[in-house]
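Working notes, structure below.
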Amino acid sequence: MNETTDSDRRFPPALADLAGTDIDHADGTGIDFEPYDAFAPAEETTDWLRSWTGDEGLDGAAYRVFGQDGTGGLAALWCVRPGRPLEEQPVVFLGSEGAAGVVAGGLSDFLWLLAAGVGPMEAVEYGATTGRPDPALVRLAERHATTPRRPAGEIVAAARAEFPGYADDIAALCR
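Heads up: take any position in the sequence shown, counting from 1, add 39, and you land on this note's numbering.
Following this line, the structure appears as structure tokens:
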């Protein structure tokens, strides 16, 4: 497991703004994502990761959990790029039933993914690359994103191309 040397746990402004934005689940046709208003505590992240994988030797230092889906799957910044700010760390999803994957190369691309109507759970568990765009999430991305807007499928494909072994590496940790 990759570890981070960055102990920064300050919540980025884009995530704080996201926490105050209503995300419409639309009775199952929208995005199933509940953003937090702060990162989950480090100890809680470690406990969850150990329980999820069955490996008591792991710690959650490389993850900053910032939201979940309705089943308890977690979205997190994966601090794998040493010395880079949290906003430039990839976004991953760890599903409640064992699915895992990289969904965006950074927070900016994640905001565009949401704006396109695709959540982290939908991208990983269902392979969704299109959704119903949400005007409020588009405005949020326009305020905070530092990358150009592009289709959700391109965002997910680029992130997975950069980190091709993530899902397999996580699966190998599970007992």
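C-beta: ideal position from N, C-alpha, C; glycine also.
6 Å CB neighbourhood of residue i in its chain, flanking five on each side removed
{"i": "Ala-55", "result": "none"}
{"i": "Leu-113", "result": "Val-104, Gln-107 and Leu-133"}
Nearest-angstrom beta carbon gap, residue j and residue i [assumed within contact, 8 Å]
{"i": "Ile-70", "j": "Gly-156", "result": "7 Å"}
{"i": "Val-131", "j": "Trp-151", "result": "The Cβ separation is near 16 Å, so there is no contact."}
{"i": "Gly-93", "j": "Cys-213", "result": "6 Å"}
{"i": "Glu-164", "j": "Ala-206", "result": "So it is not a contact: roughly 12 Å between Cβ atoms."}
{"i": "Ala-81", "j": "Ala-53", "result": "Contact doesn't hold; Cβ gap of about 21 Å is too wide."}
Three-state secondary structure assigned by DSSP to residue i
{"i": "Tyr-102", "result": "strand"}
{"i": "Val-131", "result": "strand"}
{"i": "Leu-176", "result": "helix"}
{"i": "Glu-95", "result": "coil"}
{"i": "Asp-47", "result": "coil"}
{"i": "Glu-136", "result": "coil"}
Residue i beta carbon near the ligand NAD (any heavy atom closer than 7 Å)
{"i": "Arg-120", "result": "With respect to small molecules bound, the structure shown includes none, and the ligand NAD cannot be examined in it."}
Where the alpha helix (DSSP H) containing residue i begins and where it ends
{"i": "Tyr-150", "result": "This sequence places Leu at residue 150; Tyr is not what is there. Run containing Leu-150: 146-154, per the alpha helix (DSSP H) assignment."}
{"i": "Ala-58", "result": "52-58"}
{"i": "Leu-212", "result": "205-212"}
{"i": "Leu-113", "result": "Premise fails: Leu-113 lies in the beta strand (DSSP E), 113-117, not in any alpha helix (DSSP H)."}
{"i": "Arg-89", "result": "81-92"}
{"i": "Val-163", "result": "159-164"}
Boundaries (first-last residue) of the beta strand (DSSP E) holding residue i
{"i": "Ala-197", "result": "From DSSP, Ala-197 is part of no beta strand (DSSP E) but of the alpha helix (DSSP H) over 191-201."}
{"i": "Ala-143", "result": "139-143"}
Cβ shell of residue i (< 7 Å), same chain only, five flanking positions each side left out
{"i": "Arg-120", "result": "Glu-127 and Gln-128"}
{"i": "Gly-144", "result": "Pro-129, Ala-197, Ala-198 and Glu-201"}
{"i": "Asp-47", "result": "Leu-125"}
{"i": "Tyr-75", "result": "Ala-58, Phe-105 and Gly-106"}
{"i": "Phe-78", "result": "Arg-48, Phe-50, Arg-103, Val-104 and Phe-105"}
Spatial neighbours of residue i in its chain, beta-carbon cut-off 8 Å, leaving aside the 5 residues before and after
{"i": "Leu-97", "result": "Met-40, Thr-85, Leu-88, Arg-89 and Leu-212"}
{"i": "Ile-209", "result": "Thr-92, Leu-133 and Ala-139"}
Top-ranked residue by Cα proximity to residue i, from the options
{"i": "Glu-32", "options": "Thr-110, Ala-53, Glu-83 and Pro-190", "result": "Nothing can be reported for residue 32, as the shown portion of the chain is limited to 40 through 214."}
{"i": "Gly-170", "options": "Glu-136, Ala-184, Glu-181 and Leu-153", "result": "Leu-153"}
{"i": "Thr-60", "options": "Glu-193, Thr-185, Pro-190 and Pro-174", "result": "Pro-174"}
{"i": "Asp-67", "options": "Glu-95, Met-160 and Leu-176", "result": "Strictly speaking, residue 67 in this sequence is Gly, with Asp absent from that position. Of Glu-95, Met-160 and Leu-176, the residue nearest in Cα terms is Met-160."}
{"i": "Pro-187", "options": "Leu-146, His-64, Glu-136 and Glu-83", "result": "Leu-146"}
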